[in-house]
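Enquirer: Handing you this structure, nothing more for now.
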Amino acid sequence: MLDHRVKLSNRPPAPRPGLAELTVVVADDHPGVVGHLRGLLSGVPGITVVAEAANGREAVEFALRHNPDVLVLDLRLSEVSGIQAIREVLRSAPNMAVLVFTACEDDESVLTAMRAGVRGYILKCASDTDIVRAVRGVAAGEAIFGQNIAARVLDLLANPRTAADAPPATLTTRERQLLDLLAAGHGNAAIAARLQLAPKTVSNLISALIAKLGVTDRKAAIRHIRTVENCR
Numbered sequence: 001m002l003d004h005r006v007k008l009s010n011r012p013p014a015p016r017p018g019l020a021e022l023t024v025v026v027a028d029d030h031p032g033v034v035g036h037l038r039g040l041l042s043g044v045p046g047i048t049v050v051a052e053a054a055n056g057r058e059a060v061e062f063a064l065r066h067n068p069d070v071l072v073l074d075l076r077l078s079e080v081s082g083i084q085a086i087r088e089v090l091r092s093a094p095n096m097a098v099l100v101f102t103a104c105e106d107d108e109s110v111l112t113a114m115r116a117g118v119r120g121y122i123l124k125c126a127s128d129t130d131i132v133r134a135v136r137g138v139a140a141g142e143a144i145f146g147q148n149i150a151a152r153v154l155d156l157l158a159n160p161r162t163a164a165d166a167p168p169a170t171l172t173t174r175e176r177q178l179l180d181l182l183a184a185g186h187g188n189a190a191i192a193a194r195l196q197l198a199p200k201t202v203s204n205l206i207s208a209l210i211a212k213l214g215v216t217d218r219k220a221a222i223r224h225i226r227t228v229e230n231c232r
């Protein structure tokens with residue numbers, strides 16, 4: 001369910017008479033997602049999908065070529081990241097409405113996307129109804145955030161000097177090795193053997209890594225760093 005709608009005053013929608021026909025460009029690395037968005041939005045009266053991009057470079061190219069009312073894109077894009085694509089598009093077409101449609105829900109991704117100039121941010125678990133409402137909302141100049149994102153956005157706006165405002169933790173070579181081994185499913189004993197360390201040392205390193213990333217356990221550590229890297 002969409003949880004937050006605010007009329008924006010600093011970036012008015014492009015002056016299209018009545019917005020009778022919304023044009024949309026969709027961009028995602030996964031053909032299934034693109035196909036779903038195309039089928040969903042094209043089936044809505046008054047919305048036309050004018051182009052489908054399979055990577056970040058195409059997202060920029062098609063958005064600038066077609067100048068749609070709304071660009072819907074994932075943050076995880078190849079060739080050019082979603083964030084970089086947003087920046088490039090809005091540098092040349094500042095009135096275009098950008099709606100992020102992604103699985104990235106960490107604070108850093110949300111904050112970076114907002115700073116890049118997006119008008120909406122919804123997760124891929126959103127219902128079809130909410131996707132359509134989000135597209136129409138950002139086209140009308142509203143800020144649209146999904147239910148799981150809205151509270152976080154309000155907190156980030158109220159407390160701009162939070163941990164989310166700081167750069168992500170920089171991992172050492174050893175910490176990266178450790179994280180990769182954890183992600184591969186190795187236990188402490190196997191990691192100790194591979195890194196030629198004592199099991200107790202490995203346990204201490206894992207605890208330190210978890211604390212450094214500000215998460216609760218090793219699974220959360222893996223999920224956190226992979227999400228941050230994939231969404232840049």
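Using my numbering, read the sequence shown as starting at 1 and increasing by one per residue. For glycine and all other residues, C-beta sits at the position ideal for the given N, C-alpha and C.
1. Need the endpoints of the beta strand (DSSP E) that residue 142 sits in, please.
2. Which of helix, strand or coil does DSSP assign to residue 24?
3. Should the stretch 103-116 be regarded as contacting the stretch 48-57, the criterion being three or more beta carbon pairs within less than 8 Å?
4. Report buried or exposed for residue 216, applying the criterion of at least 16 other Cβ atoms within 10 angstroms of its Cβ.
5. When the Cα of residue 68 is compared with those of 200, 82, 59 and 39, which residue comes out closest?
6. If you run the structure through DSSP and keep just helix, strand and coil, what is residue 80?
7. Would you identify the three-state DSSP class for residue 52, choosing helix, strand or coil?
8. Could you name the residues of the same chain whose beta carbon sits closer than 8 Å to that of residue 44, not counting the 5 residues immediately before and after it, in chain order?
9. Going by DSSP in three states, residue 97 sits in which element: helix, strand or coil?
10. Using the C-alpha atoms, what's the distance from residue 221 back to residue 189?
11. What is the DSSP secondary structure of residue 72, reduced to helix, strand or coil?
12. Would you list the residues sitting across from residue 120 in a DSSP beta bridge?
13. For the alpha helix (DSSP H) holding residue 30, just list the boundary residues, first then last.
14. Between the beta-carbon of residue 111 and the beta-carbon of residue 146, is there less than 8 Å?
15. Kindly indicate the opening and closing residues of the alpha helix (DSSP H) around residue 204.
16. Determine, using beta-carbon pairs with one atom in the stretch 170-178 and one in the stretch 193-210, whether at least three such pairs fall under 8 Å.
17. Between residue 63 and residue 86, what straight-line distance do the alpha-carbon atoms span, to the nearest angstrom?
18. Relative to the C-alpha of residue 75, which candidate in 61, 66 and 98 has its C-alpha closest?
19. Just how far apart, CA to CA, sit residue 130 and residue 101?
20. Between which residues of its own chain and residue 233 is the CB-CB distance below 8 Å, once the five residues before and five after are set aside?
21. Which one of 223, 37 and 29 has the shortest CA to CA distance from residue 127?
22. Please classify residue 91 as buried or exposed, where buried requires at least 16 other C-beta atoms within 10 Å of its C-beta.
23. Report the CB separation of residue 119 from residue 144 in whole angstroms; it is logged as a contact under 8 Å.
Expert: In this structure, then:
1. Here residue 142 is taken as the residue at index 142 of the sequence shown, counted from 1. Taken as a continuous stretch (DSSP letters only), the beta strand (DSSP E) holding residue 142 covers 142-146.
2. Translated into the one-based positions of the sequence shown, residue 24 becomes position 24. Three-state DSSP puts residue 24 in a strand.
3. Too few Cβ pairs lie closer than 8 Å, so no.
4. Taking the first residue of the sequence shown as position 1, residue 216 is located at position 216. Exposed.
5. Residue numbering aside, residue 68 sits at position 68 when the sequence shown is read from its first letter. Considering only 200, 82, 59 and 39, the residue with the shortest C-alpha distance to residue 68 is 59.
6. Taking the sequence shown and counting its residues from 1, one reaches residue 80 at position 80. Reduced to three states, the DSSP call for residue 80 is coil.
7. As a working note, residue 52 is residue 52 in the sequence shown. Here residue 52 sits in strand by DSSP.
8. Taking the sequence shown and counting its residues from 1, the one referred to as residue 44 is at position 44. Sequence-distant Cβ neighbours of residue 44 in its own chain, meaning closer than 8 Å and more than five residues away, are 132.
9. Mapped onto the sequence shown, residue 97 falls at position 97. Strand.
10. In the sequence shown, counting from the first residue as 1, residue 189 sits at position 189. In the sequence shown, counting from the first residue as 1, residue 221 sits at position 221. Those two C-alpha atoms are separated by around 19 Å.
11. Taking the first residue of the sequence shown as 1, we reach residue 72 at position 72. In this structure, residue 72 counts as strand in the three-state DSSP scheme.
12. Residue numbering aside, residue 120 sits at position 120 when the sequence shown is read from its first letter. Bridge partners of residue 120: 99 and 144.
13. For the purposes of this step, residue 30 is taken as the residue at position 30 of the sequence shown. Residue 30 -> no alpha helix (DSSP H), and no H or E assigned at all.
14. Position 111 of the sequence shown, counted from the first residue, corresponds to residue 111. Position 146 of the sequence shown, counted from the first residue, corresponds to residue 146. Contact flag unset, no.
15. By one-based count along the sequence shown, residue 204 stands at place 204. Here the alpha helix (DSSP H) through residue 204 covers 199-213.
16. Contact between the stretch 170-178 and the stretch 193-210 is present, because at least three Cβ pairs lie under 8 Å.
17. Translated into positions along the sequence shown, residue 63 becomes position 63. Translated into positions along the sequence shown, residue 86 becomes position 86. For the pair residue 63 and residue 86, the Cα-to-Cα distance works out to about 10 Å.
18. Translated into positions along the sequence shown, residue 75 becomes position 75. Residue 75 has its Cα closest to that of 98, out of 61, 66 and 98.
19. Locating residue 130 in the sequence shown gives position 130, where the first residue counts as 1. Locating residue 101 in the sequence shown gives position 101, where the first residue counts as 1. Whole-angstrom Cα-Cα distance: 11 Å.
20. Any answer about residue 233 is impossible in this case: the structure gives the chain only from 1 up to 232.
21. The residue you call residue 127 lines up with position 127 of the sequence shown. Out of 223, 37 and 29, 37 has the C-alpha closest to the C-alpha of residue 127.
22. Indexing the sequence shown from 1 puts residue 91 at position 91. Exposed, because fewer than 16 other Cβ atoms sit within 10 Å of the Cβ of residue 91.
23. As a first step, residue 119 must be located in the sequence shown, where it is residue number 119. As a first step, residue 144 must be located in the sequence shown, where it is residue number 144. Yes, residue 119 and residue 144 are in contact; Cβ-Cβ is about 7 Å, under 8 Å.
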